[in-house]
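A short worksheet on the structure shown next.
Number of protein chains: 2
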Amino acid sequence: MKKSKNSKIAEKKRIELLELLKNRGLEIYDDLEKSKFPKFSIPSRSVSNIVYDKKLRQYILGNSTAIRSAGNMSQLRAFTQLVWLAFFANQLLSEQKTSTLRDIYYSSQAFEVDFEDQPESDNIIVDLEAVLARAREDFQIFPEERSSIFGDLTIEYTVPGYEGKRSNLSDHPDGYLIGPSLNTAEFVDTSAELVIAIEKGGLFTRFVEEKVDKKFKAIIVDTAGQAPRSTRYILRRLHIELGLPVVILTDGDVYGEHIAMVIKSGSANAAHLRELTVPDAKWIGVWATDIEKYKLPTIPMTESDIKRIYELQKDPRYQHGNWKKQLEVFLKIKRKAELEAFSKYGLTNITDKYLPQKLELAKSL
Amino acid sequence: MKKSKNSKIAEKKRIELLELLKNRGLEIYDDLEKSKFPKFSIPSRSVSNIVYDKKLRQYILGNSTAIRSAGNMSQLRAFTQLVWLAFFANQLLSEQKTSTLRDIYYSSQAFEVDFEDQPESDNIIVDLEAVLARAREDFQIFPEERSSIFGDLTIEYTVPGYEGKRSNLSDHPDGYLIGPSLNTAEFVDTSAELVIAIEKGGLFTRFVEEKVDKKFKAIIVDTAGQAPRSTRYILRRLHIELGLPVVILTDGDVYGEHIAMVIKSGSANAAHLRELTVPDAKWIGVWATDIEKYKLPTIPMTESDIKRIYELQKDPRYQHGNWKKQLEVFLKIKRKAELEAFSKYGLTNITDKYLPQKLELAKSL
Numbered sequence: 372m373k374k375s376k377n378s379k380i381a382e383k384k385r386i387e388l389l390e391l392l393k394n395r396g397l398e399i400y401d402d403l404e405k406s407k408f409p410k411f412s413i414p415s416r417s418v419s420n421i422v423y424d425k426k427l428r429q430y431i432l433g434n435s436t437a438i439r440s441a442g443n444m445s446q447l448r449a450f451t452q453l454v455w456l457a458f459f460a461n462q463l464l465s466e467q468k469t470s471t472l473r474d475i476y477y478s479s480q481a482f483e484v485d486f487e488d489q490p491e492s493d494n495i496i497v498d499l500e501a502v503l504a505r506a507r508e509d510f511q512i513f514p515e516e517r518s519s520i521f522g523d524l525t526i527e528y529t530v531p532g533y534e535g536k537r538s539n540l541s542d543h544p545d546g547y548l549i550g551p552s553l554n555t556a557e558f559v560d561t562s563a564e565l566v567i568a569i570e571k572g573g574l575f576t577r578f579v580e581e582k583v584d585k586k587f588k589a590i591i592v593d594t595a596g597q598a599p600r601s602t603r604y605i606l607r608r609l610h611i612e613l614g615l616p617v618v619i620l621t622d623g624d625v626y627g628e629h630i631a632m633v634i635k636s637g638s639a640n641a642a643h644l645r646e647l648t649v650p651d652a653k654w655i656g657v658w659a660t661d662i663e664k665y666k667l668p669t670i671p672m673t674e675s676d677i678k679r680i681y682e683l684q685k686d687p688r689y690q691h692g693n694w695k696k697q698l699e700v701f702l703k704i705k706r707k708a709e710l711e712a713f714s715k716y717g718l719t720n721i722t723d724k725y726l727p728q729k730l731e732l733a734k735s736l
Numbered sequence: 372m373k374k375s376k377n378s379k380i381a382e383k384k385r386i387e388l389l390e391l392l393k394n395r396g397l398e399i400y401d402d403l404e405k406s407k408f409p410k411f412s413i414p415s416r417s418v419s420n421i422v423y424d425k426k427l428r429q430y431i432l433g434n435s436t437a438i439r440s441a442g443n444m445s446q447l448r449a450f451t452q453l454v455w456l457a458f459f460a461n462q463l464l465s466e467q468k469t470s471t472l473r474d475i476y477y478s479s480q481a482f483e484v485d486f487e488d489q490p491e492s493d494n495i496i497v498d499l500e501a502v503l504a505r506a507r508e509d510f511q512i513f514p515e516e517r518s519s520i521f522g523d524l525t526i527e528y529t530v531p532g533y534e535g536k537r538s539n540l541s542d543h544p545d546g547y548l549i550g551p552s553l554n555t556a557e558f559v560d561t562s563a564e565l566v567i568a569i570e571k572g573g574l575f576t577r578f579v580e581e582k583v584d585k586k587f588k589a590i591i592v593d594t595a596g597q598a599p600r601s602t603r604y605i606l607r608r609l610h611i612e613l614g615l616p617v618v619i620l621t622d623g624d625v626y627g628e629h630i631a632m633v634i635k636s637g638s639a640n641a642a643h644l645r646e647l648t649v650p651d652a653k654w655i656g657v658w659a660t661d662i663e664k665y666k667l668p669t670i671p672m673t674e675s676d677i678k679r680i681y682e683l684q685k686d687p688r689y690q691h692g693n694w695k696k697q698l699e700v701f702l703k704i705k706r707k708a709e710l711e712a713f714s715k716y717g718l719t720n721i722t723d724k725y726l727p728q729k730l731e732l733a734k735s736l
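Protein chains in written order, with my numbering: chain F, 372 to 736; chain X, 372 to 736.
Written out as structure tokens, the structure is:
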């Protein structure tokens, strides 16, 4: 049994963040007392300021900043919205209540803070993330996410009413939802030696049924397509806190390859954040080269599949190794295969044959 | 504590269905021995054969049937596909393995049974449902569903490896996924006196946080939009087996009203099935009339919202009472409001004020 290295993480994060918010508030009061217009300096998220950092192995923001000052008529609106959001985030954190992007938009109306529409409030939420260098989930704003997890991992809840209560994530065979409570839970112990992230719920269920968790000592995560942020955060925690290697299984297409890439090194959209990547994660399939090797039934690519390949070929992360090679093979064969395609050889072919072969291969990746 | 009236339901259903499949198979053998071409007689699902049954309070199929005979060249393909699917369903049931619509499509290739594409195999699955008058979930074919449930309900699993194992659905505050294991679990006991189905995950989380389960002795179900079939099946079981009343909360728009209607009386698509409705379920909001009463922030309706109202006004279920009235008011105000709109009056306004008022009102509905 491995013990979590970081106990009381959630509570520590909460206190730190409350402190950060308080300090921001104090700065505003300071400015006002000195008869200065208060302002926020926000790392710029414009395309020209997003750069790939080879050492961190993810996108980060450069040094450009944008100013939101109360002393500038054109910035006053965004400044006010940001101050309100910081106030509201402080309230959510203090009361340990969660909220959603949609809720934030409506909640602002209670305070007569004007947002034109939800995209405007969503954008201010990203501004606050950038100012604090913390994900919105850290200040209790959760999107609706329906991804899930299964395997021998005992967690201890930290949410109000559940403090100290434990669950083992193999207790419910349909999988545990990854939501606010799981995100803030502490990892107590596990017998797992591996994390398998898989793109599709149907396959997740198959893996649970076929006891992949026991046979391969694995925690299984259903990313439900492109992994939502809380799911990427959980994958990172499993890797860092428990030292577990993470492997990723996706459909054999360009979108699958990129799902794996985003888990590994994040997205340009979240370049202002650090806690959502697993740089050591390995994409083990379905590769373009697997399609021929395993004689999988295929579907022809669409125009947009092909366009997407050309786009990714410009991304610095696809310039070498297997990532580059697989894009090239996809482009050559112009066909794709789904994870379910293995069912042609029987429902358990993927767990009996393909998975063990790819896990063995992953050791040398 | 109420005890489930129907214990061992899942196992009983499984045995019955295996028997049904076996009998169908025997009929085919009989025909062959008598040198007759075997055939299936399938209740017709054409629009002209779908009628609303006032007594059952749901859509049902009329008396027209379609024949799939091995002796008719144009029907031979569908006949063969149906026989194969019955064989495969028998295998899934015997081995207690689950599958998905997608998996069925690929699995057929292992047997060289030809399906043009997935819509063709999906259609044959509905044919088998109609032949057996059983939902595909009963023969272990599950779609990917991401709805969830929370509250004091102790269940006992029946899936392989978990037989006899119990969970209480309030143990995981992010909610329990409604999947194959939950669907086939037995309900052991509950202190709940009510089921609240709610359309949105964000509100579901809010309800859990605000302890709606305890304050209102409720089991809370997130339908994640239009309730998937397993979710409707679970709602029906909670109502029938535990005798719990079911109330439904949706967004204040025509789609919300219809989400409630489908939970109550099913859809024309599933007219060949009986186990997916809760005729006594009550839609408690957000009504069109609530929008003004509670001074909710609104959004203008789109053209397609308005078109949908006109469509539903032709549906026999919307010809009277509150269902009719609310459609009329929506059409008059041409605006809609989301559940999150209550956040204008504070995050807990919906649980502190609106919910208790509407639950009180529901007693007289």
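We put the beta carbon where it would ideally sit given N, CA and C, even for glycine. Since the structure is predicted, the reported quantities are computational estimates derived from the model, not experimental observations.
9 Å Cβ cutoff, residue i in contact with chain X
i, result
"Ile-549 of chain F", "yes"
"His-643 of chain F", "no"
"Leu-553 of chain F", "yes"
"Thr-471 of chain F", "yes"
"His-629 of chain F", "no"
"Pro-668 of chain F", "yes"
"Glu-663 of chain F", "no"
"Ile-517 of chain F", "The question names Ile, but residue 517 of chain F is Arg in the sequence shown. By this cut-off, Arg-517 of chain F is an interface position."
"Ser-538 of chain F", "yes"
"Asp-424 of chain F", "no"
"Asp-474 of chain F", "yes"
"Lys-468 of chain F", "yes"
Any chain F beta carbon closer than 9 Å to residue i
i, result
"Tyr-626 of chain X", "no"
"Asp-401 of chain X", "no"
"Phe-587 of chain X", "no"
"Ser-419 of chain X", "no"
"His-543 of chain X", "yes"
"Ala-595 of chain X", "yes"
"Gly-656 of chain X", "no"
"Gly-739 of chain X", "Shown here, chain X extends from 372 to 736; a query on residue 739 of chain X therefore has no answer."
"Gly-546 of chain X", "yes"
Residue interval of the beta strand (DSSP E) (run including residue i)
i, result
"Arg-537 of chain F", "537-539"
"Leu-565 of chain X", "565-569"
"Lys-410 of chain F", "410-414"
"Val-422 of chain F", "421-424"
"Glu-527 of chain F", "524-527"
Bounding residues of the alpha helix (DSSP H) (the contiguous stretch that carries residue i)
i, result
"Gln-446 of chain F", "444-466"
"Pro-544 of chain F", "Note, Pro-544 of chain F: premise wrong, no alpha helix (DSSP H); not H, not E."
"Tyr-476 of chain X", "472-481"
"Ser-636 of chain X", "625-636"
"Asp-756 of chain X", "This structure does not reach residue 756 of chain X, given that chain X is present from 372 up to 736, and the question cannot be answered."
"Ala-504 of chain F", "Taken as a continuous stretch (DSSP letters only), Ala-504 of chain F belongs to no alpha helix (DSSP H), as it is neither H nor E."
Residues in the segment 477-493 of chain F having any Cβ partner in chain X nearer than 8 Å:
For the segment 477-493 of chain F, which is checked against every Cβ of chain X, the residues closer than 8 Å are Tyr-477, Ser-478, Gln-480, Ala-481.
If we require 3 or more residues per run, which beta strand (DSSP E) segments fall completely within the segment 645-713 of chain F?
Qualifying beta strand (DSSP E) stretches, in chain order: 653-656.
Quick check: the segment 670-684 of chain F against the segment 533-547 of chain F, are there 3 or more CB pairs under 8 Å?
In this structure the segment 670-684 of chain F does not touch the segment 533-547 of chain F; the number of beta carbon pairs closer than 8 Å is below three.
Scan the segment 564-585 of chain F for residues whose Cβ lies nearer than 8 Å to a Cβ of chain X and list them as they occur along the chain.
Contact annotation: in the segment 564-585 of chain F, residues whose CB is within less than 8 Å of a CB in chain X are Lys-571, Gly-572, Gly-573, Thr-576, Arg-577, Glu-580, Lys-582.
Using a Cβ cut-off of 8 Å, which residues of the segment 690-718 of chain X contact any Cβ in chain F, in chain order?
Result list: Glu-709, Glu-711, Ala-712, Phe-713, Ser-714, Lys-715, Tyr-716, Gly-717, Leu-718.
Between the segment 457-477 of chain X and the segment 486-493 of chain X, do at least 3 Cβ pairs fall closer than 8 Å?
With a cut-off of 8 Å, the segment 486-493 of chain X and the segment 457-477 of chain X count as touching, because enough Cβ pairs lie within range.
Determine which residues of the segment 520-532 of chain X have a Cβ less than 9 Å from any Cβ of chain F, and write them out in chain order.
If the cut-off is 9 Å between Cβ atoms, the segment 520-532 of chain X has Tyr-528, Val-530, Pro-531, Gly-532 near chain F.
Contact between the segment 611-631 of chain X and the segment 692-712 of chain X (3+ Cβ pairs under 8 Å):
Result yes; three or more Cβ-Cβ pairs closer than 8 Å.
Closer than 8 Å is the cut-off here; do at least three beta carbon pairs connect the segment 519-535 of chain X with the segment 546-563 of chain X?
Touching, per the Cβ criterion.
Got a sec: which bits of the segment 501-515 of chain F sit with their beta carbon under 8 Å from any beta carbon on chain X, in order along the chain?
Flagged, chain order: Phe-513, Glu-515.
Any contact between the segment 439-450 of chain X and the segment 400-411 of chain X? By contact I mean 3 or more CB pairs, one from each, below 8 Å.
Yes, the segment 439-450 of chain X is in contact with the segment 400-411 of chain X.
At which residue ranges does the segment 569-621 of chain X contain complete beta strand (DSSP E) runs of 3 or more residues, listed in the order of the chain?
The DSSP assignment places 589-593, 617-620 as complete runs of the beta strand (DSSP E) inside the segment 569-621 of chain X, in order along the chain (cut-off: 3 residues).
Are the segment 601-608 of chain F and the segment 506-518 of chain F touching, with three or more C-beta to C-beta distances below 8 Å?
These segments touch.
Using a Cβ distance threshold of 8 Å, determine whether the segment 452-471 of chain F contacts the segment 416-428 of chain F, with at least three qualifying pairs required.
Result no; under three Cβ-Cβ pairs closer than 8 Å.
Spell out a yes or no on whether the segment 605-617 of chain X and the segment 556-576 of chain X are touching, meaning 3 or more CB-CB pairs, one atom from each, closer than 8 Å.
The segment 605-617 of chain X vs the segment 556-576 of chain X: in contact.
Check whether the segment 511-518 of chain X touches the segment 541-550 of chain X, counting contact only when three or more Cβ pairs, one atom from each stretch, lie closer than 8 Å.
Counting Cβ pairs under 8 Å, three or more are found: they touch.
Between the segment 434-449 of chain F and the segment 655-663 of chain F, are three or more C-beta pairs nearer than 8 Å?
No, the segment 434-449 of chain F is not in contact with the segment 655-663 of chain F.
Pull out every residue of the segment 376-391 of chain F whose Cβ sits closer than 9 Å to any Cβ of chain X, in chain order.
The segment 376-391 of chain F vs chain X, Cβ under 9 Å: nothing.
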